[in-house]
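Enquirer:
Residue numbers (our numbering): 3 to 274.
(1) From residue 213 to residue 39, what distance separates their C-alpha atoms?
(2) Could you name the residues of the same chain whose beta carbon sits closer than 7 Å to that of residue 257, not counting the 5 residues immediately before and after it, in chain order?
(3) Expressed to the nearest angstrom, what Euclidean distance is found between the alpha-carbon atoms of residue 111 and residue 41?
(4) Could you give the C-beta distance for residue 175 and residue 262, rounded to a whole number, given that I count them as a contact under 8 Å?
(5) Note down the Cα distance separating residue 127 from residue 235, rounded to an integer number of angstroms.
(6) Helix, strand or coil: how does DSSP classify residue 115 here?
(7) Check for me: the beta strand (DSSP E) holding residue 251 runs from which residue to which?
(8) Determine the contact status of residue 145 and residue 60, defining contact as a CB-CB distance below 8 Å.
(9) Output the boundary residues of the alpha helix (DSSP H) element that contains residue 235.
(10) Would the beta-carbon of residue 217 fall within 8 Å of that of residue 62?
(11) Report the option in 180, 75, 120 whose CA atom is closest to the CA atom of residue 259.
(12) Near residue 70, what residues of its chain come up, given a Cβ to Cβ distance below 8 Å and the 5 sequence neighbours on each side ignored?
(13) For residue 62, name the three-state secondary structure that DSSP assigns.
(14) Let me know the secondary structure DSSP gives residue 51 once reduced to three states.
(15) For residue 67, report the span of its beta strand (DSSP E) as first-last.
(16) Quick one: give me the first and last residue of the beta strand (DSSP E) that residue 97 is part of.
(17) What three-state label does DSSP hand residue 72 in the structure shown?
(18) In whole angstroms, give me the CA-to-CA distance for residue 25 and residue 170.
(19) DSSP on residue 90, reduced to helix/strand/coil?
(20) Whose C-beta lies closer than 6 Å to the C-beta of residue 243 among residues of the same chain, with five residues either side of it excluded?
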């Protein structure tokens with residue numbers, strides 16, 4: 003019965019050292035694309051409900067139904083070897099998972115926070131993948147901090163390490179966006195992702211210093227006013243500037259579109 007299931011869930015989370023999970027407020031539709039046992043389904047639902055709850059606490063409640071498509075991938079070396087978003091007819095994520103991994107292994111994995119965070123902004127098109135993937139890469143660790151996977155200090159150390167690793171690839175006179183697109187064409191996806199994340203590190207620093215808010219606080223406000231209205235990269239940047247009341251986002255974007263890549267990644271708000 004329901005009370006018995008709730009009791010078992012609380013015991014399970016106590017064993018794992020986690021707080022009992024609350025149901026997320028967002029609307030979720032589950033699509034089981036392969037056969038899963040009841041226990042496997044329960045573990046997957048606990049995992050994605052926990053991540054969705056952390057997303058809500060970090061980025062706000064999404065103003066639409068999220069669709070989670072669950073595919074089986076047995077014999078994998080990690081719990082989520084592949085995932086991708088659906089961005090046209092529905093807003094959702096396909097998760098290809100190996101259900102033999104523990105719940106904690108799923109919670110420790112960055113894939114779900116990354117993919118679900120994509121849904122908090124509109125689909126921006128392939129030409130702007132440096133921006134969209136940079137956004138999701140920045141946000142995945144904000145969400146993982148909310149989950150208790152990393153501390154605030156560890157978060158800063160992770161960001162610093164990522165930037166130092168990608169900096170040599172951007173030591174170029176070409177503009178940042180052009181270098182990012184070239185890296186993508188050479189399949190250097192991780193480098194492009196974390197290069198793009200530097201934009202959001204700078205924005206987050208500026209918002210804290212000049213407006214007393216985090217980027218995550220700002221995105222929570224964006225969900226309420228504008229998420230369903232924006233349909234393009236240009237509309238997104240316009241909405242962010244308008245919501246903030248100054249052209250912070252568009253002005254920094256110009257630096258990335260026009261300034262030498264080497265100078266962009268040497269900004270004080272990244273290196274400090």
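Positions of the beta carbon are idealized from the N, C-alpha and C atoms, including for glycine.
Expert: On the basis of the supplied data:
(1) Spanning the two alpha carbons is a distance of roughly 49 Å.
(2) Result list for residue 257: 266, in chain order.
(3) Rounded to whole angstroms, residue 111 to residue 41 spans 20 Å at the Cα level.
(4) About 5 Å separates the beta carbon of residue 175 from that of residue 262, a gap short enough to meet the 8 Å contact definition.
(5) The alpha-carbon atoms of residue 127 and residue 235 are separated by roughly 8 Å.
(6) Residue state, collapsed to three classes: helix.
(7) First-last for residue 251: 250-260, but that is the alpha helix (DSSP H), not the beta strand (DSSP E).
(8) For the 8 Å CB-CB criterion, residue 145 and residue 60 form a contact.
(9) Element bounds for residue 235: 235-246.
(10) No Cβ-Cβ contact shorter than 8 Å links residue 217 with residue 62.
(11) For the residues 180, 75, 120, the minimum Cα distance to residue 259 belongs to 180.
(12) Hits under 8 Å: 30, 31, 32, 33, 50, 94, 95, 97.
(13) Three-state result, residue 62: coil.
(14) Residue 51: helix per DSSP, three-state reduction.
(15) Per DSSP, residue 67 is not a residue of any beta strand (DSSP E), being assigned neither H nor E.
(16) Judged by DSSP secondary structure, residue 97 falls within the beta strand (DSSP E) whose first and last residues are 93-99.
(17) Three-state result, residue 72: strand.
(18) Whole-angstrom Cα-Cα distance: 44 Å.
(19) Secondary structure of residue 90 (DSSP, three-state): coil.
(20) Excluding positions up to five away in sequence, the list reads 249, 251, 252.
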